Amino acid sequence: MLLPKNGLLAAMQAFFYLILWALTISGSALAQSPKVAPLLSQQMARQGKADFFIVLKDAHTPKILEAARALPDRKARQAFMVDRLQKESFASQSGLGLYLLRQGADYQHFWIVNQILVQNGAPELLAEIQKREEVLRLDPNPTVKVPLPAPQPQTGPSAEQMATGLEWNIAKIKADQVWSTYGATGAGVVVAVHDTGVYWEHEALRNQYRGWNGGNVSHTYNWHDAIHTSSGNPCGNDSPFPCDDHGHGTHVGGTMVGRTDANQIGVAPGAQWIACRNMDGGNGTPATYLECLQWFLAPDGNPDMAPHIINNSWSCPPREGCSQDTLEQAVVIVRAADILMAGSNGNSGSGCSTTHDPPAIYREVFTAGATDSGDNLASFSSRGPVTYGGETYIKPNISAPGVSIRSSLANGSYGYMSGTSMASPHVAGAAALLWSAFPHLVDNLNYTEEILKLTALPRDYTACGDPPGAPNNGYGYGRVDILSAFREAQQPTFMPIPKSLGPTGVSSTGFTANWLAVPQAAGYRLDVSPERTFQSFIPGYQDRAVTGASFAVTGLNPKTTYFYRLRAEDNLGTSGNSDVISVLTLMGFTPAPFLDLLLSP
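2 is the number of the first residue of the sequence shown in the working numbering; add one for each residue after it.
Quick look at the structure:
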């Protein structure tokens, strides 16, 4: 039966309001679920569909990290971690993956975190997934607009640069003196550009690309594109070769390793680079950041091809919907694989506590503030302190040149940029120089960072409540000085930090703490605490003097998590703290009453 025109209109309006009511009710129900992030509920109510992460309960990762620490070889640790993370994650995700497949959903497995990304999922699918026992929570995957530095107007090179090809910032941190004095240029070290991509054929970068052998190129193991659904991007999607749709990544890569005779722009021109594009024209998502970090751990599935250092000159701000802990587990895993995470401290200065975005806020990321040619802190450089995970601590860790830095651009030329994005690759390059000359430091990130911090040029900054001297929440420990770092590495004036290994002999009442012996150490100091923050200690295990490379800890409670750390010492002083290691004691055995009677004498 045909309805009259007005009746048809009324029916259409009623149908529209019914759909709107259903969406509102659906969005309201999702908003009330403790498993669904508020932003995701809002996206669903507003858009009808959304990308979202299914975060599964994860009991396997802490055990994998604990077991990996017991392996003394870096390559063995990396291979073990990748193998176990992949197997355990896919095993725990298999049931949910089968369900999503039956629903016809588009989804992507992750193993660096125990999560599945659902693409363009509907509210009904979300509502069903949240009911599943293995699901911990459901998070959004918002697009994050990163305010990246843009090229500045060209200014003429200085007379010194014209004569030598050497940029002021390279001379400022004394990288050129390291080249000439020690012959170290970064050879044998691989750095990763985690950024907008790289124009690999740039004259200052081509010879340093790991995929180029001087005559032929192979992008396998050396390049990954995490951008799959872009529209109108000049690099397209899934680019088969390194491409930069912005220019930021090419500039960052040049500061790490770039060089021609007339353009000495890179700190470690003897190092090699690989790259992953994590942004679509400056727009990233938690998924693209995680995909690149996962790929770096095992490029094209091969952990033997993992880089030594990853530079992260970007941020994932909570104000754009990226939770503060979204990337934390991935960053922890990368560091556990002995890969240095160098990062920019942020460009939200000059106020205090303006370092507020991941990944800079994490302790596991070695962040850099930006300085100018006079070693003054840049006005835009973010300041600390950072409060995260119940702790408050200083950020940045260190500072480096970041004002008017000349480097390579994606159009094949050179240009200037300013930002902590430009400071971080100086630190990554400095670590590459250090590791090329002192390879025993490669698997001791704490000691490497300690050398760079304690040999930096100290600068006062008291505006954020710090006393005069270093460290402080403006410069960190000061502006990096790689020549002084080399001298310290040659003849240490402070004790190397011991490398912690995983515990052995775990029982219901104790365990054995293990570490790699420090040759210069006369002894060690061990702390054991029920808290990761070490606000309290197990009786008898605060600054406990021990010898050897292991110690049996006793008198603990069953099925309880404990944390330990240690320091090396000699007659000149004590080192900094090692990494914190967690241990879960075993379940104790309490006889049942009738067994107790039987067992009584």
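For every residue, glycine included, the Cβ atom is placed at its ideal position computed from N, Cα and C.
Note that the structure is a prediction, hence the values are computed from the model and not measured.
- In the same chain as Val507, and ignoring 5 residues on each side of it, the C-beta atoms closer than 7 Å to its own belong to Val584, Thr586, Leu587, in chain order.
- Around the beta carbon of Pro402, 16 or more other beta carbons sit within 10 angstroms, so the residue counts as buried.
- CA-to-CA, the gap between Asp580 and Phe495 works out to about 18 Å.
- When the alpha-carbon of Gly96 is set against those of Gln491, Asn474, Glu134, the nearest one is in Glu134.
- Distances from the alpha-carbon of Gln295 to those of Cys277, Gly285, Ser414, Gly216 put Cys277 closest.
- Ser425: member of the alpha helix (DSSP H) spanning 421-438, first to last residue.
- DSSP places Gly122 outside any alpha helix (DSSP H); the residue lies instead in the beta strand (DSSP E), whose first and last residues are 116-122.
- Counted as a single uninterrupted DSSP element, the beta strand (DSSP E) harbouring Phe53 occupies residues 51-57.
- Around Val83, the same chain offers Leu298, Ala299, Pro304 as residues with beta carbons nearer than 7 Å, after the five sequence neighbours per side are excluded.
- Inside the region 435-499, DSSP marks whole alpha helix (DSSP H) runs of 4 or more residues at positions 446-455, 483-491, from first to last along the chain.
- Per DSSP, the beta bridge partners of Met418 are Ile406.
- Cβ contact annotation for Glu202 (same chain, cutoff 8 Å, sequence separation greater than five): Gly413, in chain order.
- Secondary structure of Leu41 (DSSP, three-state): helix.
- Here Lys146 carries a strand assignment [DSSP, helix/strand/coil].
- Segment contact: the region 335-354 against the region 458-474, three or more CB-CB distances shorter than 8 Å; contact assigned.
- As computed with DSSP, Tyr108 is found in a beta bridge with Val119.
- When C-beta atoms of the region 278-294 are compared with those of the region 449-459, fewer than three pairs fall below 8 Å, so the two segments do not count as touching.
- Beta-bridge analysis with DSSP links Asp528 to Arg566.
- Boundaries of the beta strand (DSSP E) harbouring Ile310: 310-313, taken from the DSSP string.
- Met280 places its beta carbon less than 9 Å from that of Asp246.
- Between Val387 and Ile174, the C-beta spacing is not below 9 Å.
- Phe367: member of the beta strand (DSSP E) spanning 366-372, first to last residue.
- By the criterion of at least three beta-carbon pairs nearer than 8 Å, the region 67-84 is not in contact with the region 518-526.
- Non-local C-beta neighbours of Asp373 in its own chain, meaning closer than 7 Å and more than five positions away in sequence, comprise Ala379, Val404, ordered along the chain.
- Bounds of any beta strand (DSSP E) do not take in Met588, whose DSSP letter is neither H nor E.
- Ala343 sits away from Trp274, with the two beta carbons spaced by 9 Å or more.
- For Gln273, the three-state secondary structure derived from DSSP is strand.
- A direct Cα-to-Cα measurement between Leu527 and Asp544 gives close to 5 Å.
- In this structure, the CA atom of Gly250 is about 12 Å from the CA atom of Pro152.
- In the three-state DSSP reduction, Met280 falls in the coil class, being neither helix nor strand.
- With respect to the 9 Å criterion, Lys50 and Asn142 are not classified as neighbours on the basis of their beta carbons.
- Asp262 counts as exposed, since fewer than 16 other C-beta atoms from the protein chains shown sit within 10 angstroms of its C-beta.
- The beta carbons of Asn115 and Leu57 sit closer together than 9 Å.
- Under the three-state reduction of DSSP output, Asn238 falls in the coil class, being neither helix nor strand.
- Remark: three or more beta-carbon pairs, one from each stretch, lie closer than 8 Å, so the region 324-339 and the region 357-365 are flagged as touching.
- With respect to the 9 Å criterion, Ala429 and Ile340 are not classified as neighbours on the basis of their beta carbons.
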